[in-house]
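Here is the structure we will look at, set down as structure tokens.
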Amino acid sequence: MKIFKFGGASVKDAKGVRNLLNVLQKTGYEDILLVISAMGKMTNAFEKVSESYFNKKDDLAKQVDSVKQFHLNIARELFSSKDPVIFKEINNLFNELNVFFKNNTSTNYNYIYDQIVSKAEILSTKICSYYLLENQIKNEWLDVRSCILTDKNYRSARVNWTATCKRINSKVERPKIYVTQGFIAGNELGETTTLGREGSDYTAGIFAYCLNADEVVIFKDVQGVLNADPRVFDKTILLDQVSYREAIEMAFYGASVIHPKTLQPLQRKEIPLHVRSFKDPLQKGTSVKKGLDLIPQTSCFIVKYNQILLSISDKEFSFIMENDISYIFELLHRHRVKVNLIQNSAISFSVSIEDNFNNFNALLQELTEKFRVLYNKDLILYTIRHYTKSSIKEIENNREVILKQLSRETAQILIKE
Ligand code: ASP
Ligand code: MG
0 MKIFKFGGAS VKDAKGVRNL LNVLQKTGYE DILLVISAMG KMTNAFEKVS ESYFNKKDDL
60 AKQVDSVKQF HLNIARELFS SKDPVIFKEI NNLFNELNVF FKNNTSTNYN YIYDQIVSKA
120 EILSTKICSY YLLENQIKNE WLDVRSCILT DKNYRSARVN WTATCKRINS KVERPKIYVT
180 QGFIAGNELG ETTTLGREGS DYTAGIFAYC LNADEVVIFK DVQGVLNADP RVFDKTILLD
240 QVSYREAIEM AFYGASVIHP KTLQPLQRKE IPLHVRSFKD PLQKGTSVKK GLDLIPQTSC
300 FIVKYNQILL SISDKEFSFI MENDISYIFE LLHRHRVKVN LIQNSAISFS VSIEDNFNNF
360 NALLQELTEK FRVLYNKDLI LYTIRHYTKS SIKEIENNRE VILKQLSRET AQILIKE
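For the sequence shown, the residue numbers in numbering that gives the first Met the number 0 are 0 to 416.
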């Protein structure tokens, strides 16, 4: 069995959905499970809906209507109006959303977010599944919320692997074709949860692991895994092969090609992962599997924006001790701040962080109660795997380096623009 994952960019419009059919016709589609994300930028659009709802903004109805029209327009392009089922499904989903708006009593933003944002994946997979059906690809739409069981950690829920594998194996029959959602899951209360932004790759990894799949293919708008982001670097090299370990390292440092949690379950069962272009699905792309770190051998560059460097020292000029560090990490964890780099000196402890949940001010307030805190915002963190002197020079390039750290395989350089 194969797991195919199609991201938002591959189904961003009607043309993308038609191309999905085209890809399947080229690659073959026996015994596959398709994991599909929200269409285009719909997750961002639904994030706006949940913010408007949560903050009781006046533009809620407008936001909802705009996402609804987006999906209806795609459906109108793909289906004739003589085919009312999909239109009914879309309308039903928006009715469900309105019922949620009316009945919800929770004030937990992360819970609300998951209930609302998940609709984007449901809409996308309904449209794709019907479209394939109409084009003689018999498939079953699978509700992933009843397959992947997670805890209640909304917006970055953790998977209960044993229960998930049991559920998946009881639902998936072979050989068949399934269409299911990425990124979203369900908890024991039957509520919807999500696995973290860009989590659809991870969903593909979970299904592959539980079903002992032969391979996972992630279809993207690039030819495969490149050694650097082509939006940032002029010259990039397509990697033919990347080891699991190297891919895990790259994802950990922020390479956005593969979601960081995807690889470990695949590595455990040695299930190969292929990254291919949805425009050119028969091209080889990149394989991630057991073996050499990188083919070809080259430096790989990873860029992270919006970094904040926090330098924490004692108010009385004494040393930052282990107990202080433990307290600092407790705070970082509690405020769900991501730490990308750590450096310790005699009198100050520095971390480069990412404030994905908008908690920086609250964190700062708590930190300053106990410590002297300096910070720098809007920094860029470059990570170079398999660095060379010249690759470091290329990044530094007369810019203001705020912090630099080298280990055997990895260089990290924090730069002020
Ligand atoms: N639709 C979700 C997101 O944009 C999940 C994904 O695309 O992987 O974050
Ligand atoms: Mg997406």
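The beta-carbon is built from N, C-alpha and C at its ideal position, and this holds for glycine as well. Keep in mind it's a predicted model, so treat the numbers as computed, not measured.
Could you check if residue i belongs to the surroundings of ligand 1, using beta carbon to heavy atom distance under 7 Å?
| i | result |
| --- | --- |
| G497 | No information on residue 497 is available, as it lies outside the stretch 0 to 416 that the chain covers here. |
| T261 | no |
| R196 | yes |
| F182 | yes |
| E95 | no |
| T235 | no |
| A149 | A small correction: the amino acid at residue 149 is Thr; Ala does not occupy that position in the sequence shown. No, the beta carbon of T149 sits no closer than 7 Å to any heavy atom of ligand 1. |
| E120 | yes |
| T124 | no |
| A37 | yes |
| T192 | no |
| S483 | The structure shown does not extend to residue 483, since the chain spans only 0 to 416, so no value can be given for it. |
| S199 | yes |
| T42 | yes |
Residues in the same chain with beta-carbon distance under 7 Å from residue i, minus the five sequence neighbours each way, listed in chain order, please.
| i | result |
| --- | --- |
| K337 | I352, E353, N355 |
| I414 | L378, I379, Y381, R398, E399, V400, I401 |
| D113 | Y153, R154, T191, T192, T193 |
| I341 | V350 |
| G198 | G181, F182, H258 |
| V143 | T179, Q180, I183, A184, T202 |
Excluding five sequence neighbours on each side, which residues of the same chain lie with their C-beta closer than 6 Å to the C-beta of residue i?
| i | result |
| --- | --- |
| I301 | Y252, G253, A254, T382 |
| Y110 | Y153 |
| Y129 | I85 |
| G195 | S155 |
| I2 | L32, A203, F206, A207, A212, V215 |
| G15 | S9 |
| V256 | V224 |
| Q411 | L340, T382, Q404 |
Between the C-alpha atoms of residue i and residue j, what's the straight-line distance to the nearest angstrom?
| i | j | result |
| --- | --- | --- |
| T409 | K403 | 11 Å |
| D377 | N360 | 15 Å |
| I115 | R407 | 44 Å |
| I89 | D200 | 25 Å |
| K175 | L23 | 14 Å |
| N43 | E172 | 34 Å |
| H273 | K137 | 25 Å |
| D57 | Y28 | 46 Å |
| S236 | N18 | First, the amino acid is wrong: residue 236 is Ile here, not Ser. Answer to the nearest angstrom: the Cα atoms are 26 Å apart. |
| V34 | T26 | 16 Å |
| S312 | E365 | 14 Å |
| K118 | L92 | 7 Å |
| Y386 | D239 | 19 Å |
By Cβ distance below 8 Å, which residues in the same chain neighbour residue i in space, the five residues on each side in sequence not counted?
| i | result |
| --- | --- |
| K11 | M38, G39, K40 |
| Y374 | I307, L308, L309, S310, L363 |
| N168 | C209, L210 |
| N358 | H334, R335, V336 |
Measure from the C-beta of residue i to each C-beta in chain C and report whether the shortest distance is under 8 Å.
| i | result |
| --- | --- |
| I270 | In the displayed structure, chain C is absent; only one protein chain is listed. |
> Fully enclosed by the segment 320 to 369, which beta strand (DSSP E) runs are 3 residues long or longer?
Replying inline: Counting whole runs of 3 or more residues, the segment 320 to 369 contains the beta strand (DSSP E) stretches 337 to 343, 347 to 353.
> Which runs of the alpha helix (DSSP H) fall wholly inside the segment 91 to 177 and span at least 4 residues, in chain order?
Replying inline: 108 to 116, 118 to 133, 160 to 170
> What runs of the beta strand (DSSP E), each 3 residues or longer, lie entirely inside the segment 2 to 89?
Replying inline: Entirely contained in the segment 2 to 89, the beta strand (DSSP E) runs reaching 3 residues are, in chain order, 31 to 35.
> Can you give, in chain order, each stretch of the alpha helix (DSSP H) that sits fully within the segment 252 to 277 and has at least 4 residues?
Replying inline: 262 to 268
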